[in-house]
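This is the structure we're talking about:
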């Protein structure tokens, strides 16, 4: 009996290890499919609304994607050269911003050229740095490819959304089909609502931060606004992480400008918590920060 128990346990352990290895090997595909489901869930209410207005299924699915494509081409692509230029200057001057911030907080950096120190360290590990840059470029390309693939897959998922749901019912019993349908509807509603609300919040925060910093005369306002928009997806820590580089840049100019930047982020955070979030996330499902 003990031998049989041991064999059974060994079988389950081996099966679990093989399943873990398979999931790891397929992590890119699984992440892309999950992202596709989120995109589909975000577009689903728009498609459903168009269908209620007697728009054919294909056009109802195509219209939101065309609108998004026009938005990207018309408004986002023209900003890329400006953002790229600012980002390069920001990275180039990052050691000087760090030095200014360290000097302000009474760190002992006298006699130390942080820029030269960083450059010397990079030159000592040139091979490692080059390999890292190549790896980072590959990861960035992979991420862009995954997002593009997810959009394409979500398009086809929306086209055959109802049929796919019915097909999934084949894998469960008749009694469980309703439960599966309810689960898929709840997941679709929760993830779609979260993504739509989060995108609106991120765009609003990015615009507020960018224009506010520009009005305050802070350098790299567009880059810092974009950074704030991206970090808005991180619960709780996002606004803090977005404020740190902005304060460092402002300290390179003057202490009064740094205080002004702190005030800007505090005001924006107050507006977000008391106006934007209640309005944008009203009646929307919230995901736990750990899941996000």
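In the working numbering, the protein residues as written are 1240 to 1531.
The beta carbon of each residue, even a glycine, is placed where N, CA and C say it ideally should be.
Nearest candidate by alpha-carbon position, reference residue i, set the options
i	options	result
residue 1268	1389, 1430, 1501, 1476	1389
residue 1202	1293, 1262, 1324, 1451	Absent from the model: residue 1202. The displayed extent of the chain is 1240 to 1531, so no value can be given.
residue 1384	1270, 1508, 1418, 1423	1270
residue 1439	1518, 1258, 1300	1518
residue 1307	1475, 1456, 1387, 1497	1387
residue 1443	1416, 1412, 1478	1478
residue 1484	1471, 1507, 1459	1459
residue 1494	1514, 1457, 1291	1457
residue 1455	1491, 1475, 1496	1496
residue 1480	1508, 1433, 1298	1508
residue 1512	1287, 1475, 1324	1475
residue 1280	1394, 1309, 1407	1394
residue 1266	1382, 1296, 1417	1382
residue 1437	1288, 1417, 1515, 1253	1515
residue 1329	1491, 1506, 1498	1491
residue 1287	1473, 1399, 1407	1399
Residue i: first and last residue of the uninterrupted alpha helix (DSSP H) it sits in
i	result
residue 1450	1413-1454
residue 1493	Note, residue 1493: premise wrong, no alpha helix (DSSP H); not H, not E.
residue 1511	Neither: residue 1511 is in no alpha helix (DSSP H) and is coded neither H nor E.
residue 1401	1400-1407
residue 1276	1266-1291
residue 1300	1296-1310
residue 1464	1460-1470
Beta carbon of residue i nearer than 7 Å to that of residue j
i	j	result
residue 1282	residue 1303	yes
residue 1430	residue 1277	yes
residue 1500	residue 1489	yes
residue 1445	residue 1468	yes
residue 1275	residue 1392	yes
residue 1300	residue 1397	yes
residue 1441	residue 1401	no
Residue i Cβ short of 6 Å to the ligand FMN heavy atom set
i	result
residue 1308	In the structure on display, the ligand FMN does not appear, and there are no ligands present to speak of.
Neighbour flag for residue i against chain D, beta carbons, 7 Å
i	result
residue 1510	No chain D is present in this structure, which holds just one protein chain.
If we count Cβ pairs, one from each stretch, closer than 8 Å, do we get three or more for the stretch 1463-1478 versus the stretch 1433-1452? yes
Per the contact definition of three or more C-beta pairs closer than 8 Å, is the stretch 1309-1319 in contact with the stretch 1424-1441? no
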